[in-house]
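**Q** One line per chain: the protein sequences are A and F, in this order. For the first sequence, UniProt numbering begins at 1 and goes up steadily by one. For the second sequence, UniProt numbering begins at 1 and goes up steadily by one.
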Amino acid sequence: MQWETVIGLEVHVQLATKSKIFSGASTAFGAEPNSQACAVDLGLPGVLPVLNEAAVAMAVQFGLGIHAEIPEVSVFDRKNYFYPDLPKGYQTSQMYHPIVGPGEVEITLEDGETKRIRVHHAHLEEDAGKSLHEDFHGMTGIDLNRAGTPLLEIVSEPDMRSAKEAAAYLKAIHSIVTYLGISDGNMAEGSMRCDVNVSVRPRGQASFGTRTEIKNVNSFRFVERAIAFEVERQIELLEDGGEVVQETRLFDPERDETRSMRTKEQANDYRYFPCPDLLPVELDRAYVDHLRDNLPELPADKRARFQEALGLSAYDAGVLSASREMAEYFEVVKEVCGDAKLAANWVQGELSGALNREGLPIQDSPVSATQLGELVSRVMDDTINGKAAKQVFQALWNGEGDSADEVIEAKGLKQVTDTGAIEAMIDQVIADSPAQVAQYRDAEPDKRGKMIGYFVGQVMKASRGTANPQQVNALLKEKLDALC
Amino acid sequence: MHDKTLTELAAGLAAGEFSSRELTQALLARIDRLDGDLNSFISVTAEQALAAADRADAARAAGDAGPLTGVPLALKDIFCTEGVKTSAGSRMLDNFIAPYDATVVEKLRAAGTVSLGKTNMDEFAMGSSNENSFFGPVKNPWDRDAVPGGSSGGSAAAVAAGLVPAAMGTDTGGSIRQPAAFCGITGLKPTYGRVSRYGIIAYASSLDQAGPMARTAEDCARLLGAIAGHDLRDSTSVARGVPDYTEELDAPLAGLKIGLPREYFGEGLDPAVESAVREAIRVYESLGATVREVSLPHTHYAIPAYYVIAPAEASSNLSRYDGVRFGHRCDAPADLTDLYKRSRAEGFGEEVKRRILMGTHTLSEGFFDAYYKKAQQVRRLIRQDFLDAFDEVDVLMGPASPTPAFDLGARKDPVSMYLQDIYTIAINLAGIPGISVPAGFVGHRPVGLQILGTHFAEARLLNVAHQFQQATDWHLRRPALAEETL
Numbered sequence: 001m002q003w004e005t006v007i008g009l010e011v012h013v014q015l016a017t018k019s020k021i022f023s024g025a026s027t028a029f030g031a032e033p034n035s036q037a038c039a040v041d042l043g044l045p046g047v048l049p050v051l052n053e054a055a056v057a058m059a060v061q062f063g064l065g066i067h068a069e070i071p072e073v074s075v076f077d078r079k080n081y082f083y084p085d086l087p088k089g090y091q092t093s094q095m096y097h098p099i100v101g102p103g104e105v106e107i108t109l110e111d112g113e114t115k116r117i118r119v120h121h122a123h124l125e126e127d128a129g130k131s132l133h134e135d136f137h138g139m140t141g142i143d144l145n146r147a148g149t150p151l152l153e154i155v156s157e158p159d160m161r162s163a164k165e166a167a168a169y170l171k172a173i174h175s176i177v178t179y180l181g182i183s184d185g186n187m188a189e190g191s192m193r194c195d196v197n198v199s200v201r202p203r204g205q206a207s208f209g210t211r212t213e214i215k216n217v218n219s220f221r222f223v224e225r226a227i228a229f230e231v232e233r234q235i236e237l238l239e240d241g242g243e244v245v246q247e248t249r250l251f252d253p254e255r256d257e258t259r260s261m262r263t264k265e266q267a268n269d270y271r272y273f274p275c276p277d278l279l280p281v282e283l284d285r286a287y288v289d290h291l292r293d294n295l296p297e298l299p300a301d302k303r304a305r306f307q308e309a310l311g312l313s314a315y316d317a318g319v320l321s322a323s324r325e326m327a328e329y330f331e332v333v334k335e336v337c338g339d340a341k342l343a344a345n346w347v348q349g350e351l352s353g354a355l356n357r358e359g360l361p362i363q364d365s366p367v368s369a370t371q372l373g374e375l376v377s378r379v380m381d382d383t384i385n386g387k388a389a390k391q392v393f394q395a396l397w398n399g400e401g402d403s404a405d406e407v408i409e410a411k412g413l414k415q416v417t418d419t420g421a422i423e424a425m426i427d428q429v430i431a432d433s434p435a436q437v438a439q440y441r442d443a444e445p446d447k448r449g450k451m452i453g454y455f456v457g458q459v460m461k462a463s464r465g466t467a468n469p470q471q472v473n474a475l476l477k478e479k480l481d482a483l484c
Numbered sequence: 001m002h003d004k005t006l007t008e009l010a011a012g013l014a015a016g017e018f019s020s021r022e023l024t025q026a027l028l029a030r031i032d033r034l035d036g037d038l039n040s041f042i043s044v045t046a047e048q049a050l051a052a053a054d055r056a057d058a059a060r061a062a063g064d065a066g067p068l069t070g071v072p073l074a075l076k077d078i079f080c081t082e083g084v085k086t087s088a089g090s091r092m093l094d095n096f097i098a099p100y101d102a103t104v105v106e107k108l109r110a111a112g113t114v115s116l117g118k119t120n121m122d123e124f125a126m127g128s129s130n131e132n133s134f135f136g137p138v139k140n141p142w143d144r145d146a147v148p149g150g151s152s153g154g155s156a157a158a159v160a161a162g163l164v165p166a167a168m169g170t171d172t173g174g175s176i177r178q179p180a181a182f183c184g185i186t187g188l189k190p191t192y193g194r195v196s197r198y199g200i201i202a203y204a205s206s207l208d209q210a211g212p213m214a215r216t217a218e219d220c221a222r223l224l225g226a227i228a229g230h231d232l233r234d235s236t237s238v239a240r241g242v243p244d245y246t247e248e249l250d251a252p253l254a255g256l257k258i259g260l261p262r263e264y265f266g267e268g269l270d271p272a273v274e275s276a277v278r279e280a281i282r283v284y285e286s287l288g289a290t291v292r293e294v295s296l297p298h299t300h301y302a303i304p305a306y307y308v309i310a311p312a313e314a315s316s317n318l319s320r321y322d323g324v325r326f327g328h329r330c331d332a333p334a335d336l337t338d339l340y341k342r343s344r345a346e347g348f349g350e351e352v353k354r355r356i357l358m359g360t361h362t363l364s365e366g367f368f369d370a371y372y373k374k375a376q377q378v379r380r381l382i383r384q385d386f387l388d389a390f391d392e393v394d395v396l397m398g399p400a401s402p403t404p405a406f407d408l409g410a411r412k413d414p415v416s417m418y419l420q421d422i423y424t425i426a427i428n429l430a431g432i433p434g435i436s437v438p439a440g441f442v443g444h445r446p447v448g449l450q451i452l453g454t455h456f457a458e459a460r461l462l463n464v465a466h467q468f469q470q471a472t473d474w475h476l477r478r479p480a481l482a483e484e485t486l
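1. If contact is defined by three or more beta carbon pairs under 8 Å, each pair taking one atom from either stretch, is the segment 470-478 of chain A in contact with the segment 450-470 of chain F?
2. Excluding the five sequence neighbours on either side, which residues of its own chain have a C-beta within less than 6 Å of the C-beta of Thr114 (chain A), listed in chain order?
3. Can you name the residues of chain A whose CB is closer than 7 Å to the CB of Asp234 (chain F)?
4. Could I get the ranges of all uninterrupted beta strand (DSSP E) runs contained in the segment 28-108 of chain F, with 3 residues as the minimum, in chain order?
5. Starting from Phe251 (chain A), trace the alpha helix (DSSP H) both ways and give me its first and last residue.
6. Would you report the Cα separation of Asp54 (chain F) and Ala280 (chain F), rounded to the nearest angstrom?
7. Would you identify the three-state DSSP class for Phe393 (chain A), choosing helix, strand or coil?
8. Buried or exposed: Ser20 (chain F), going by 16 or more other Cβ atoms within 10 Å of its Cβ?
9. Nearest CA to the CA of Pro299 (chain A): which residue from A:His174, A:Thr210, A:Gly185 and A:Glu257?
10. Could you name the residues of the same chain whose beta carbon sits closer than 6 Å to that of Ser129 (chain F), not counting the 5 residues immediately before and after it, in chain order?
11. Which residue marks the beginning of the alpha helix (DSSP H) containing residue 487 (chain A), and which one marks its end?
12. Establish whether the CB of Leu93 (chain F) and some CB of chain A are separated by less than 8 Å.
13. Do you know offhand how far Ser275 (chain F)'s Cα is from Ala180 (chain F)'s?
14. Compare the beta carbon distance of Val198 (chain A) and Glu153 (chain A) with 8 Å and say whether it is the shorter of the two.
15. Count the other CB atoms within 10 Å of the CB of Val277 (chain F); is the residue buried (16 or more) or exposed (fewer)?
16. For chain F, find out if any of its Cβ atoms is closer than 8 Å to the Cβ of Pro361 (chain A); answer yes or no.
17. Skipping 5 residues on each side, what residues in its chain have a beta carbon closer than 8 Å to that of Val324 (chain F)?
18. Grab me the residues of Ala59 (chain F)'s own chain with a C-beta within less than 7 Å of its C-beta, minus the 5 sequence neighbours each way, in chain order.
19. Give me the subset of the segment 65-89 of chain A whose CB atoms are less than 7 Å from a CB atom of chain F, sorted by chain position.
20. Residues of the segment 260-276 of chain A with a CB closer than 9 Å to any CB of chain F: list them in chain order, please.
21. Please tell me whether Leu132 (chain A) has its Cβ less than 8 Å away from any Cβ of chain F.
22. Is it a yes or a no for the segment 433-440 of chain F touching the segment 225-234 of chain F, going by three-plus beta-carbon pairs under 8 Å?
23. Could you name the residues of chain F that Gly43 (chain A) contacts, counting a contact when the two beta carbons are closer than 8 Å?
24. Give me the Cβ distance between Glu98 (chain A) and His121 (chain A), rounded to the nearest whole Å; I'm assuming they're in contact under 8 Å.
25. Can you give the Cα-Cα distance for Gly16 (chain F) and Ser235 (chain F), rounded to whole angstroms?
26. For the putative contact between Ile435 (chain F) and Ile451 (chain F), defined by C-beta atoms under 8 Å, what is the C-beta separation to the nearest angstrom?
27. Looking at the structure shown, is Lys79 (chain A) part of a helix, part of a strand, or coil, going by DSSP?
28. From the DSSP output, read off the bridge partner residues of Met417 (chain F).
29. Quick one: which unbroken beta strand (DSSP E) runs of 3-plus residues sit fully inside the segment 144-190 of chain A? Chain order, please.
30. Does the beta carbon of Leu278 (chain A) sit closer than 8 Å to a beta carbon anywhere in chain F?
31. Tell me which residues share the same chain as Leu372 (chain A) and place their Cβ nearer than 7 Å to its Cβ, disregarding the 5 neighbours each side in the sequence.
32. Please report whether the beta-carbon of Ala300 (chain A) lies at a distance below 8 Å from any beta-carbon of chain F.
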């Protein structure tokens with residue numbers, strides 16, 4: 001039987017507010033346990049939450065970024081359950097009236113195709129603390145630094161049909177929130193994590209199969225792997241005549257498998273009800289319009305502009321708009337050198353290669369966008385040739401100069417275009433290579449083209465790479481053919 | 001000094017007739033002598049009180065005294081008080097030393113008042129007799145066989161016994177007004193949102209409101225001015241200016257339109273209470289007020305609606321008492337579930353458990369719409385009843401409680417206890433202010449007249465109450481106990 005996979009994602013994005021969603025405590029990552037938890041975060045008797053307006057603004061910006069409806073009123077509800085790192089015994093969330101209504105996200109697949117994934121809604125909620133099981137013999141330590149950190153939970157419709165689509169969706173969300181600057185998107189620190197709902201059904205069947213939910217997947221790669229495992233597990237189960245049980249599962253990246261956590265029968269009744277300590281959030285139109293007017297250009301718009309206005313290929317436009325940092329870097333290079341295609345080639349070629357080798361993000365590149373732009377300009381105006389340009393890039397990468405011009409000057413890499421000077425070098429090479437000249441002369445004319453490479457190499461070497469290669473080629477051919 | 005009103009004591013302090021230290025010492029001695037039997041305090045904070053009194057005297061000497069500087073009072077043990085045990089009347093918090101001050105406490109401290117200690121109460125403010133306290137019941141100073149009412153029973157008894165001139169209470173369904181009535185003092189529940197709830201241990205968040213309990217309406221006016229106002233730490237507190245509540249106290253009542261809700265004079269009302277209340281109404285008529293009957297048609301739904309909404313909120317508010325971070329923790333828990341179960345089973349009393357169970361049930365899947373949503377609809381109707389009535393009249397009047405104080409141990413059945421609050425509970429559901437003033441006796445036991453106004457009509461209520469107290473002397477009567485001199 002042919003099976004179709006159906007996937008929906010609940011993505012939790014930690015918002016980049018300075019303080020927590022309902023208290024003034026800092027949200028900075030990595031502090032001493034419980035040093036960033038105030039009376040409100042600890043859930044002490046008598047404390048009350050006060051909504052952080054910055055979290056509201058960020059949620060609305062996200063909503064606008066996915067062209068979602070922004071309801072005029074949203075309401076916080078309490079989700080009641082006991083857990084040691086949940087200080088109040090309830091999580092303040094939004095169950096019935098979320099801050100962001102239905103919207104959509106465009107994803108780009110590997111073949112360059114785009115697809116729209118619908119977002120059901122996005123709501124604000126507070127994060128819980130962390131339970132620490134190491135270092136406490138026979139006990140569990142509780143760190144409440146993370147308790148009260150604002151989260152935006154983005155709930156998709158079950159619109160994805162493969163692990164690749166799910167990963168592309170997650171990347172698209174990552175790119176939107178980082179473009180908006182509403183999250184650092186740091187998955188290693190848990191700033192973005194997701195719950196994956198997976199089911200399979202016979203191709204052509206309209207109704208959905210029974211789904212399982214894989215909790216807390218925290219990397220693009222794990223999302224693909226967890227789905228791949230889970231899809232295979234479900235298909236095997238069904239093909240063996242079994243049934244998929246609706247349950248919550250956990251992905252174990254070490255063993256590359258998902259394991260059952262709890263079934264639906266064991267599921268909590270969260271007893272949601274409106275939080276009486278918080279007023280409904282009322283957003284007036286002027287406020288929403290103001291946020292809309294001040295949105296930065298988002299990845300989809302940028303990608304379209306790169307293709308249409310700059311003439312880049314769909315692939316190049318996609319790569320260069322994937323992250324805000326990449327796009328900003330590229331745009332500076334393009335601005336400085338004035339040629340979008342050359343700028344795109346350099347950013348995706350030499351620069352990305354070097355960054356990947358060193359494992360550096362583009363914002364930490366030792367070569368600044370302005371430096372690279374100037375370097376590309378020197379190639380364009382024939383000051384240096386391509387080979388020398390790579391040397392200049394390497395020198396800038398190593399910090400051997402502040403600008404391309406400085407490196408070119410210091411290393412004497414300026415391209416030699418003086419015909420007389422090149423001719424002198426050619427004459428010298430011909431004089432020093434009687435055997436090769438003889439071979440060339442004796443060769444069939446159609447084989448000579450290949451043989452000229454040797455002489456080009458020698459001349460380039462003699463010029464320490466600075467001779468203009470096109471000139472070298474043309475003059476060599478002329479002179480050698482004259483000898484035949 | 002113990003029989004003076006707060007207003008008189010403030011004047012005495014201002015005139016230099018006595019110092020705050022002298023006053024504080026005298027009252028601490030009186031508490032020491034009399035409260036062993038009454039049990040109105042859970043904690044007496046003598047040392048902090050004397051230090052605060054000295055600060056007040058120093059401020060006065062430096063010319064920095066405000067109108068309440070050096071005035072002693074007490075706080076219901078539901079207000080978090082930095083460095084002081086704040087128990088909410090529960091074993092659960094018997095070991096809880098609050099690390100911060102409630103906004104009300106902060107404001108009273110800033111006004112220079114001197115807290116003598118924390119008063120007894122029904123556990124987590126759940127009760128109408130003060131018998132649900134882990135720290136034992138409180139006796140009514142007028143009759144030691146009677147309850148003082150609840151849940152702010154300790155505050156009411158302490159004021160009635162002359163241990164303090166005033167005390168802070170909280171009122172979720174009548175917890176200021178009913179004990180004020182039972183103990184023959186004046187107690188004001190302000191409009192929901194008038195006083196910050198920050199630092200008040202939550203029972204039912206959408207109903208809880210703090211207010212003053214004192215001998216006179218004038219005393220309450222001074223205290224309300226000190227504690228009211230918008231608080232950035234409480235989103236449900238209202239951004240609205242705080243008037244000088246003493247300014248309108250002397251306004252004449254000629255032309256005042258009084259409404260008597262038909263439903264507040266029906267079945268279940270003790271005839272002796274009714275005749276005291278009707279006598280009080282006649283006093284108002286003699287002051288130029290006109291009286292008419294009105295109807296609050298949804299009154300009989302108030303108690304059922306309250307006992308859905310309040311326990312629902314409580315079941316969630318009390319989830320934080322899990323033995324993990326603070327409060328009671330059972331000995332040697334076997335595992336996490338055991339820790340939760342035994343800590344909560346041991347830490348909470350019977351009535352608290354009952355309400356947690358009720359609230360958990362009504363919020364459960366499949367019951368939420370039938371109970372919680374329906375109760376919220378009823379709540380809107382009840383609120384509308386009041387708003388409609390206030391289109392016709394200025395204030396509503398009626399009994400604060402259907403009976404005078406009942407005997408300790410007399411009400412075993414929880415539902416008969418819940419019915420105690422029939423005249424007070426709807427007021428919290430509607431969010432409007434209400435005040436109870438002494439209006440006579442049934443035998444030795446006081447009767448309270450309840451006066452209700454529309455949202456933020458506290459100044460009007462205090463004026464109406466004050467004028468009654470200018471015309472009567474019920475509020476000046478003292479129980480025999482309180483008349484003993486040192």
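Ideal Cβ positions, reconstructed from N, Cα and C, are used throughout, including at glycine.
**A** For this structure:
1. No contact exists between the segment 450-470 of chain F and the segment 470-478 of chain A.
2. For Thr114 (chain A), where only same-chain residues beyond five positions count, the Cβ hits under 6 Å are Glu106 and Thr108.
3. Neighbours of Asp234 (chain F) on chain A, chain order: Leu48.
4. Assignment of beta strand (DSSP E) within the segment 28-108 of chain F, counting only whole runs of 3 or more residues, yields 41-44 and 72-76 in chain order.
5. Per DSSP, Phe251 (chain A) is not a residue of any alpha helix (DSSP H); the beta strand (DSSP E) it occupies stretches across Glu247 to Asp252.
6. Taking the straight line from one Cα to the other gives about 42 Å.
7. Helix at Phe393 (chain A).
8. That one is buried.
9. The shortest C-alpha separation from Pro299 (chain A) is found at A:His174.
10. The residues Val147 and Gly150, in chain order, have a CB closer than 6 Å to that of Ser129 (chain F) in the same chain once the five nearest residues on each side in sequence are set aside.
11. The structure shown has nothing for residue 487 (chain A), since chain A only spans 1 to 484.
12. It does; some Cβ of chain A falls within 8 Å.
13. Those two C-alpha atoms are separated by around 19 Å.
14. No, Cβ-Cβ distance for Val198 (chain A) and Glu153 (chain A) is not below 8 Å.
15. Answer is buried; the Cβ neighbour count reaches 16.
16. The C-beta of Pro361 (chain A) comes no closer than 8 Å to any C-beta of chain F.
17. Only Leu339 meet the Cβ criterion.
18. Counting only Cβ-Cβ distances below 7 Å, and skipping sequence neighbours, we find Ala65, Thr69 and Gly112.
19. Under the 7 Å Cβ criterion, the segment 65-89 of chain A contributes Arg78, Asn80, Phe82, Pro84, Pro87, Lys88 and Gly89.
20. So the list reads Asp269, Tyr270, Arg271, Tyr272, Phe273, Pro274, Cys275 and Pro276, given in the order they occur along the chain.
21. With its beta carbon at least 8 Å from every one in chain F, Leu132 (chain A) lies outside the interface.
22. Touching, no, given that fewer than three Cβ pairs across the two stretches are closer than 8 Å.
23. Arg320 and Arg325, listed in chain order.
24. A small fix is needed here, since residue 98 (chain A) is Pro in this sequence, not Glu. About 4 Å separates the Cβ atoms of Pro98 (chain A) and His121 (chain A), confirming a contact at the 8 Å cut-off.
25. Roughly 41 Å separates the two Cα atoms.
26. Rounded, the Cβ-Cβ distance is 5 Å, consistent with contact.
27. Reduced to three states, the DSSP call for Lys79 (chain A) is strand.
28. Partner residues in a beta bridge of Met417 (chain F), as assigned by DSSP, do not exist.
29. DSSP runs (the beta strand (DSSP E)) wholly in the segment 144-190 of chain A: 150-156.
30. Closer than 8 Å to the CB of Leu278 (chain A) there is at least one CB belonging to chain F.
31. For Leu372 (chain A), the CB contacts under 7 Å within the same chain, skipping 5 residues up- and downstream, are Val333, Trp346 and Leu351 in chain order.
32. No, Ala300 (chain A) lies away from the interface with chain F (no Cβ there is under 8 Å from its Cβ).
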